[in-house]
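Peer 1: Sharing a structure with you now.
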Amino acid sequence: MSARWHDIAHAKVGVTHCRHLPPRFDFAVQTVLPRGRPRRLAHQIRQDLWRALRRVRGFSPVIRLEPVPDGWLVTAGGRLTGRLAAADMARATTVLTDSRNRLRWMRHAGNSS
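For the sequence shown, our numbering assigns the number 618 to the initial residue and increments by one for each residue that follows.
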């Protein structure tokens, strides 16, 4: 089994981090983060989302970062083979809104400017 992850850079429109091509969002949550290195941000967010949802049947994370005036619009979610329970959606939202996660992500990603 391949452990390859794909970082798809979109000229001037961000990056998508996924394992399976084409990337697919069967569910997604969004937030805005300050500027930082997009691939590093996507990798960190993917790791935390996976830790929170690894028991969801057929879950494969997809993270997309798109530039906005305030930084990055982060869309985090992914593929599923089953259904997503409301508690799992809440868990995904918590991953993106947790202040400790956000601080750690930004420290890791640095500043891209």
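Using N, Cα and C, we set each Cβ at its ideal position, and we do this for glycine too. All figures in this text were calculated on a predicted structure; none of them were measured in a lab.
Take P678 and list the residues in its own chain whose beta-carbon comes closer than 7 Å to its own, dropping the five residues that flank it on each side.
Peer 2: Cβ neighbours of P678 beyond the five flanking positions: R663, L666, W667 and G695.
Peer 1: Report yes if the C-beta distance between L670 and R700 is below 8 Å; otherwise report no.
Peer 2: The answer is no: Cβ separation not under 8 Å.
Peer 1: State yes or no: is the C-beta of W689 within less than 8 Å of the C-beta of L713?
Peer 2: Against a cut-off of 8 Å, the Cβ pair of L713 and W689 comes out as no contact.
Peer 1: So what does DSSP say about R696, is it helix, strand or coil?
Peer 2: R696: strand per DSSP, three-state reduction.
Peer 1: For G694, verify whether its CB is less than 7 Å away from any heavy atom of the ligand ZN.
Peer 2: This structure lacks the ligand ZN; in fact it carries no ligand of any kind.
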